[in-house]
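Student: Here our numbering is used: the first residue of the sequence shown is 6, the next is one more, and so on. Virtual Cβ for every residue (Gly too), placed ideally from N, Cα, C. All figures in this text were calculated on a predicted structure; none of them were measured in a lab. I'd like to ask some things about the structure below.
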Amino acid sequence: QISYTGLFLTSLQGRLSGEDTLQTDAPLQVPHPALVAFVLVLYAAVFVWIYRKTRTGMRGFVRAAVIVYALLVWMMSLAAFLRGLYLQTLPSLIVWAGSVMFVVSDSLIALNLFVEKKNRPVMQTYLTAQFLIVAGCLF
């Protein structure tokens, strides 16, 4: 089991003392760069589609706040995807699936608030997202 706090403190101590105790000059290896590029393009396309559907219902500060929040949620899901790709374990992929359901849930909320109120499965997708994220973390 890795202690991230221990790694951070060891690295910080090494940096402050002038002795680099962790290997930091190794190049970052991105597994399956074509898959990462595909997912980035897919996320961007869905983000633009949701934004175009919802932009007429948003004004001023609300629009800026929604864009920032949406970008943060998308970045969280992308981070979960990259983690799953890097670790290639079932729990990490379950967490990524949960993050995708979280994005779906938030997208449904945006459509309900800024386009038209419909009977969309917001709570079902939200609860599924929470279940998958917690299950992946505990698995």
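So does the stretch 81-90 actually touch the stretch 38-50, counting three or more Cβ pairs closer than 8 Å?
Tutor: With a cut-off of 8 Å, the stretch 38-50 and the stretch 81-90 count as touching, because enough Cβ pairs lie within range.
Student: With a 10 Å radius around its C-beta and 16 neighbouring C-beta atoms as the bar for buried, classify GLY65 as buried or exposed.
Tutor: Result: exposed.
Student: According to DSSP, is LYS123 helix, strand or coil?
Tutor: The answer is coil: DSSP assigns LYS123 none of H, G, I, E or B.
Student: Secondary structure at MET63, three-state DSSP: helix, strand or coil?
Tutor: Coil.
Student: Going by beta-carbon coordinates alone, are GLY62 and ILE99 separated by less than 8 Å?
Tutor: Not in contact: GLY62 and ILE99 (Cβ atoms no closer than 8 Å).
Student: Distance check for TYR131 and ALA156, CA to CA, integer angstroms please.
Tutor: Any question about residue 156 goes unanswered here, given that the chain covers just 6 to 144.
Student: Rounding to the nearest angstrom, what Cα-Cα distance links TYR56 and PRO96 in this structure?
Tutor: Their backbone Cα atoms lie some 31 Å apart in a straight line.
Student: Buried or exposed, going by whether 16 or more other CB atoms sit within 10 Å of the CB of PHE86?
Tutor: Flag for PHE86 reads buried.
Student: For ARG125, collect the residues of the same chain with a Cβ closer than 7 Å to its Cβ; drop the 5 residues on either side in sequence, then sort them by chain order.
Tutor: Cβ neighbours of ARG125 beyond the five flanking positions: LEU113, LEU116 and ASN117.
Student: Going by beta-carbon coordinates alone, are THR59 and VAL127 separated by less than 8 Å?
Tutor: No, they are not a contact pair.
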